[in-house]
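Quick notes on the structure that follows.
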Amino acid sequence: MKDFLDRIPSTLSFGGLDFAAPWVLLALLLLPLLWWWRRRRRRGAIVFSRAGVLARGPRAGQGVVRALSALRLIALALCIVALARPRTGARAETSLTEGIDIVIAFDISSSMLAEDFQPNNRLEVAKARIKEFVTNRQSDRIAIVPFAAEALTQVPLTTDYPVVLAAVDAIQSGQLEDGTAIGTAIVTAANRLRSAPGRSRVMILMTDGESNRGAIDPRTAAQAAAQFGIRIYTIGVGTEGMAPVPVGRGLYGLRYENRPVKIDEVLLTDVARTTGGRYFRARDAQALQRIYEQIDRLERTPVKSRTYVRFTEEYRWPLGVALGALALELLLLAWRGPLP
């Protein structure tokens with residue numbers, strides 16, 4: 001018996017309808033036995049409820065009995081179908097598309113709170129550019145790596161863009177120890193990309209450009225990334241001149257002072273050039289658009305993705321009809337039911 005049950009699939013599809021518990025349908029095999037048993041049990045019973053029906057002959061009332069039996073069996077069959085959990089709509093589809101593996105590493109240190117993009121600071125501008133970039137992707141796998149004095153993988157490589165966008169929205173400055181460890185960020189992002197399938201592996205590094213923490217030199221990290229075929233596109237976030245930069249906390253929150261904007265463009269250019277990428281200065285939205293064009297020209301490789309559609313439970317329909325059949329049986333039984 002166990003071997004027989006093991007052969008039953010966990011789900012069953014029939015005419016666009018899925019059953020989450022198909023093994024329950026085995027109970028339908030008992031209905032013919034129940035019908036046979038009830039038929040034998042009814043022999044010898046008076047199958048009418050009024051003495052006046054006797055004049056019609058010995059077969060009078062048989063139609064009522066058959067109707068009652070049929071309604072009871074229909075109700076039981078539909079209850080069994082409802083217990084098998086019929087459902088529609090939910091499915092998992094595997095599609096083969098062409099895409100690129102991309103890791104977006106962006107700075108969330110306190111210096112990214114500099115307000116040189118009024119009314120927003122650098123971090124909000126960087127997040128807006130990342131979300132714009134993700135929204136324009138179709139089949140590329142995206143990962144998110146925020147960094148400060150350390151780096152972490154917030155979202156691994158995925159094509160689930162709503163999850164990526166929600167993660168970017170949730171990231172705030174102060175979640176990591178303060179500082180800017182560009183080398184650590186490159187190594188963390190490269191670890192996500194080095195074993196990724198396909199020929200095109202891209203890292204987008206967004207920072208205010210001053211590496212002041214971490215034991216890994218950014219140029220050395222870039223050389224290591226290049227060995228894995230990873231292209232790094234660096235973006236310096238910040239305007240030129242002076243900008244209000246947070247210098248500590250006061251009675252009413254962060255205290256700002258006007259200080260020179262310092263972006264190590266030489267470092268970011270070297271990192272990008274070492275890996276065959278490019279450096280961009282994010283003074284406006286056009287900087288990221290140029291990155292789109294660069295990435296879209298890269299060689300794409302087949303990527304498998306799975307799409308999940310939510311199930312719609314349909315048990316209410318057979319259950320409702322079953323209750324209707326039972327109600328009809330009770331009405332018929334009260335009107336012209338047989339007497340045992």
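Read in order, the letters of the sequence shown correspond to residues 1 to 340 in full-length UniProt numbering.
All residues carry an ideal CB built from backbone N, CA and C; glycine is no exception.
- What's the call for Leu330, buried or exposed, on a 16-neighbour Cβ count within 10 Å? Exposed, since its Cβ has fewer than 16 Cβ neighbours within 10 Å.
- Determine the burial state of Tyr292: buried for a count of at least 16 other Cβ atoms within 10 Å of its Cβ, exposed for fewer. Answer is exposed; the Cβ neighbour count stays below 16.
- Message: In whole angstroms, give me the CA-to-CA distance for Leu113 and Gln227.
- Response: 34 Å
- Message: Tell me whether the segment 158-175 and the segment 68-88 touch, counting them as touching only if at least three CB pairs, one residue from each stretch, are closer than 8 Å.
- Response: Three or more Cβ pairs closer than 8 Å define a contact, and the segment 158-175 falls short of that threshold against the segment 68-88.
- Task: Starting from the C-beta of Ile102, find all residues in its chain whose C-beta is less than 6 Å away, skip the five residues before and the five after it, and write them out in chain order.
- Result: Asp140, Ile142, Val202
- Task: With DSSP collapsed to three states, give me the class of Glu313.
- Result: strand
- Item | C-alpha gap between Val187 and Ile108, whole angstroms | Going by the C-alpha atoms only, they are around 17 Å apart.
- Distance between Trp37 and Pro318 (C-alpha atoms, nearest Å): Distance between Pro318 and Trp37, taken at the CA atoms: about 25 Å.
- Is the CB-CB distance between Thr180 and Ser211 below 8 Å? yes
- Query: In its own chain, which residues sit with a C-beta less than 7 Å from the C-beta of Val134, not counting the 5 before and 5 after it?
  - Reply: Exclusion of the five residues before and after Val134 leaves Ile142, Tyr161, Val164, Leu165 as the residues of its chain whose Cβ lies within less than 7 Å of its Cβ.
- Terminal residues of the alpha helix (DSSP H) in which Leu268 lies: Where Leu268 is concerned, the enclosing alpha helix (DSSP H) stretches over 265-274.
- Task: Excluding the 5 residues preceding and the 5 following Arg273 in the sequence, name in chain order all residues of the same chain whose CB lies nearer than 8 Å to its CB.
- Result: Tyr279
- Message: Within 8 Å, do at least three Cβ pairs link the segment 265-272 to the segment 204-220?
- Response: yes
- May I ask you to report which of helix, strand or coil DSSP gives residue 348? No statement about residue 348 is possible, as the shown extent of the chain runs from 1 to 340 and does not include it.
- Message: Quick check on DSSP: helix, strand or coil for Pro197?
- Response: coil
- Report the rounded CA-to-CA distance for Ala82 versus Ala325, giving the unit in angstroms. It is roughly 14 Å from the alpha-carbon of Ala82 to the alpha-carbon of Ala325.
- Task: Have a look at the DSSP bridge pairing and note the partners of Ile144.
- Result: Ile104, Val155
- Per DSSP, cross-strand counterpart(s) of Asn120: Phe117
- Message: What would DSSP say about Ala334, mapped onto helix, strand or coil?
- Response: helix
- Message: So if DSSP puts Pro86 in a beta bridge, which residue, or which two residues, is it bridged to?
- Response: Phe19
- Item | Per-residue DSSP class, three states only, for Leu176 | coil
- Item | C-alpha gap between residue 342 and Val168, whole angstroms | One cannot answer for residue 342 here, as it falls past the ends of the chain, which runs 1 to 340.
- With burial defined as no fewer than 16 other Cβ atoms inside 10 Å of the residue's Cβ, what is the status of Pro146: buried or exposed? buried
- Query: When the Cα of Gly214 is compared with those of Thr158, Leu25, Glu150, which residue comes out closest?
  - Reply: It is Glu150.
- Message: Do Gly277 and Ile232 have their beta-carbon atoms positioned less than 8 Å apart in this structure?
- Response: yes
- Compute the distance between the beta-carbons of Ala105 and Ala185, then report whether it is under 8 Å. With respect to Ala185, Ala105 sits close: the two C-beta atoms are nearer than 8 Å.
- Item | Backbone CA spacing between Ala27 and Leu328 [nearest angstrom] | When the Cα atoms are used, Ala27 and Leu328 turn out to be separated by approximately 23 Å.
- Any idea what DSSP makes of Gly236, helix, strand or coil? For Gly236, the secondary structure class from DSSP, reduced to helix, strand or coil, is strand.
- Item | Length of the line joining the Cα atoms of Arg290 and Asp208 | 19 Å
- Message: Between which residues of its own chain and Gly229 is the CB-CB distance below 8 Å, once the five residues before and five after are set aside?
- Response: So the list reads Arg199, Arg201, once near-sequence residues are dropped.
- Message: Quick check: what's the CA-CA separation for Ala128 versus Met206?
- Response: 12 Å
- Task: Run the CB neighbour count on Arg192, radius 10 Å, all protein chains shown included, and call it buried at 16 or more, exposed below.
- Result: In the assembly as shown, Arg192 is a buried residue. Its beta-carbon has 16 or more other beta-carbons within 10 Å.
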